[in-house]
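Worksheet: the structure to be examined is printed underneath.
Residue numbers (my numbering): 7 to 381.
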């Protein structure tokens, strides 16, 4: 069998693979580790630029900026353009690679058959995204656009030699909604995006600090957190809520809004100071922020949908609530803030999961070994 370091891989993605913020950190973390494990020939950015992008923007226009961005990013015409770019780029390096690794299902590596197998890596799919409510990524997609997008995604899954997924939640959808054989779907999960990695310092749980991290405040349940916090403060007067991600104007006792934090040291300190992490999302393709909290031994509370039950495991790494249930959320927050022993147990459980499962080194090792088996 070929050794991993002998495997020649070419990557296809959207965005700069060297940018730590690209694709929520997935690009940088996957391809940087892949380059140290095998022969990474190139990583090709398939983002549409120039006049074609302007034309797509005009065709996708919406007065809702977020909806406009989603329609521009995920539409059938953009899929075709990206596929054409990929096909041309791969033709120029024909016979120089063994496997094509693509991130997502927004394109195909070729309109026809490839001389080598290709694999893909995913956090969600269009059917799940359209079921996630008005704030989910697929809320813009309907009618003929949705039908065509499903058709294009299905072709990616059908033609891929292997499909790597971040959760069993997604795996079940690919089997049920796209009729993909279970044998070619591999759940490998995802890792954390903090430069500091896993925090090895002893953890204290006496700070009464609740942490929320997420740019999309409403989709990630921010309003629910605020309601829950008011109930928490009625019984735990020194409780604090720290919000990272959105730029908000909130003048409320005990609430600190730090906005979008570029300082990675400040983000790390925020996790270190937290006693509990809360993200009661209405839709969450995976939820890397939970893993980042676990890396600092912080117990987590999320909702009982999407991949969150797999990450948190109710009663083990934290608790799960129904979406929009601020009453139960407040109760579980109080339970953790009042019981330092419970918080320590849950934090330790999550910490172990990050070391063994939600870890980019572990994730990429699994994917490389599977890729070697194809050659």
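Built from N, CA and C at the ideal position, the CB exists for glycine as well.
query                                                                                                                                                                                    : result
Given that a residue counts as buried once 16 or more other Cβ atoms are within 10 Å of its Cβ, and exposed if not, what is residue 121?                                                 : exposed
By the 10 Å Cβ neighbour count, where 16 or more other Cβ atoms means buried, how is residue 2 classified, buried or exposed?                                                            : This structure cannot speak to residue 2, because the chain is shown only from 7 to 381.
If we call anything under 7 Å between Cβ atoms a contact, is residue 312 one with residue 298?                                                                                           : no
For residue 361 and residue 352, I'd like the C-alpha separation in whole angstroms.                                                                                                     : 15 Å
With distances taken Cα to Cα, identify the nearest neighbour of residue 335 among 175, 220, 209, 236.                                                                                   : 236
Going straight from the alpha carbon of residue 111 to that of residue 162, what length do you get?                                                                                      : 6 Å
Are residue 191 and residue 159 touching if we call contact CB-CB under 7 Å?                                                                                                             : no
Can you name the start and end residues of the alpha helix (DSSP H) that residue 296 belongs to?                                                                                         : 294-300
Got a sec, what are the start and stop residues for the alpha helix (DSSP H) residue 371 sits in?                                                                                        : 366-378
Could you say which of 342, 149, 166 lies nearest to residue 125 if we only look at CA atoms?                                                                                            : 166
Since residue 312 is in the beta strand (DSSP E), which residue starts that stretch and which ends it?                                                                                   : It is not in any beta strand (DSSP E) - residue 312 carries neither H nor E in the DSSP assignment.
Have a look at residue 209 and residue 349 and give me their C-alpha separation to the nearest angstrom.                                                                                 : 10 Å
Taking residue 180 as the reference, which of 156, 198, 200 has the closest Cα?                                                                                                          : 156
Closest by CA to residue 5, which one among 169, 354, 243, 220?                                                                                                                          : Because the chain is modelled from 7 through 381, residue 5 falls outside the range shown and cannot be assessed.
Could you name the residues of the same chain whose beta carbon sits closer than 6 Å to that of residue 26, not counting the 5 residues immediately before and after it, in chain order? : 34
Buried or exposed for residue 332, please, with buried defined as at least 16 other CB atoms from any protein chain shown within 10 angstroms of its CB.                                 : buried
Under 7 Å, do residue 284 and residue 218 count as touching if we go by C-beta distance?                                                                                                 : yes
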